[in-house]
Amino acid sequence: MGRIVEVEAYLGPEDRASHARFGETARNRVMFGPAGRAYVYLVYGMYDCLNVVTGPDGVAAALLIRALSPLDGTDSMRVDRVLRATTRRRSLTPDQAAAAARRIERLPVARLASGPGIAAAAFGLDTGWTGVDLCDPSSPLRLERAPAAEPVPIVVTTARIGVDYAGEPWSTEPWRFVELGHASVSGPA
DNA sequence: GCAAGGATATCG
DNA sequence: GATATCCTTGCA
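Below, the structure is given as structure tokens:
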């Protein structure tokens, strides 16, 4: 379990940075369905990224979960991180794999899910989780309302990360939302 | 600074 | 069918 501290918003087909920019395809089909479902895709051949479908039925919008502050199950997160780091790399020598495992074992808790690829890895997610209803209280993967935080977190916006290819204005719109100063946030605050 | 993965959308 | 590209990460 973790608290979401960094997300990015992706709009419909007009958003040139969104997977919906080519219209409905086999990969992004769930984005065009009802809100509240998971959309997990593979990027750069080795990292899965978790999104929450947000638009109403027929409108392909989604929220990319970029970072979580781990709250519980951190041992399990380390196990899944190591598993992913050592199985998704074909050209790793045994020495390199052992070094990667040691590095993950030593990571501070705040860094276990600090980035879209490693957040999904920490939760053991892959593309097979696409379509799961995140609003169903009985779902193994679900969203829950956080208790009121004290002090109240300050949320700031920045441009989205890794979307320069989309060009203006999509690459500069302030559609990344981060909890200011949180140790689990990836990239610039 | 850059290579490592494989799925994907697009082009011949 | 072939290929450039990708909502990333951790190394040199």
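No gaps in the numbering here: position 176 of the first sequence is 192 in the numbering used here, and each next residue is one more. Ideal placement from N, C-alpha and C gives every residue a C-beta, glycine not left out. All values derive from a computational prediction rather than experimental measurement.
For residue i, three-class secondary structure by DSSP
| i | result |
| --- | --- |
| phenylalanine 48 | helix |
| tyrosine 57 | strand |
| arginine 127 | helix |
| arginine 82 | strand |
Close Cβ partners of residue i (< 6 angstroms) along its chain, the five nearest in sequence each way excluded
| i | result |
| --- | --- |
| glycine 133 | Tyr63 |
| valine 75 | Gly28 |
| alanine 33 | Val179, Ala182 and Trp186 |
| valine 59 | Cys65 |
Residue range of the beta strand (DSSP E) that includes residue i
| i | result |
| --- | --- |
| glycine 133 | Here glycine 133 belongs to no beta strand (DSSP E); instead the alpha helix (DSSP H) covers 132-138. |
| arginine 192 | 192-195 |
| valine 201 | Valine 201 -> no beta strand (DSSP E), and no H or E assigned at all. |
Same chain, Cβ closer than 7 angstroms to residue i, five either side skipped, listed in chain order
| i | result |
| --- | --- |
| valine 172 | Val194, Leu196 and Ala205 |
| serine 85 | Gly18, Arg19, Val21, Ala126, His198 and Ser200 |
| alanine 77 | Tyr26, Leu27, Gly28, Thr70 and Gly71 |
| glycine 89 | Met17 |
Minimum C-alpha distance to residue i - residue among the options
| i | options | result |
| --- | --- | --- |
| glutamate 30 | Arg82, Gly203, Arg192 and Glu184 | Glu184 |
| cysteine 151 | Thr70, Gly39, Ser34 and Leu58 | Thr70 |
| serine 202 | Val46, Ala83, Asp88 and Leu159 | Ala83 |
| proline 50 | Trp191, Val68 and Ile81 | Val68 |
| arginine 100 | Val148, Pro156, Thr188 and Gly140 | Gly140 |
| aspartate 73 | Leu108, Arg53 and Asp91 | Arg53 |
| threonine 146 | Arg37, Glu166 and Tyr55 | Tyr55 |
Residue i Cβ short of 6 angstroms to the ligand ZN heavy atom set
| i | result |
| --- | --- |
| phenylalanine 193 | In the structure on display, the ligand ZN does not appear, and there are no ligands present to speak of. |
Residues near residue i by beta carbon distance below 8 angstroms, same chain, minus five either side
| i | result |
| --- | --- |
| arginine 43 | His35 and Tyr57 |
| alanine 175 | Ser187, Thr188, Glu189, Pro190, Trp191 and Arg192 |
| proline 156 | Val148 |
Extent of the continuous alpha helix (DSSP H) to which residue i belongs
| i | result |
| --- | --- |
| aspartate 111 | 110-122 |
| alanine 92 | Contrary to the premise, residue 92 reads as serine rather than alanine in this sequence. Note, serine 92: alpha helix (DSSP H), 90-103. |
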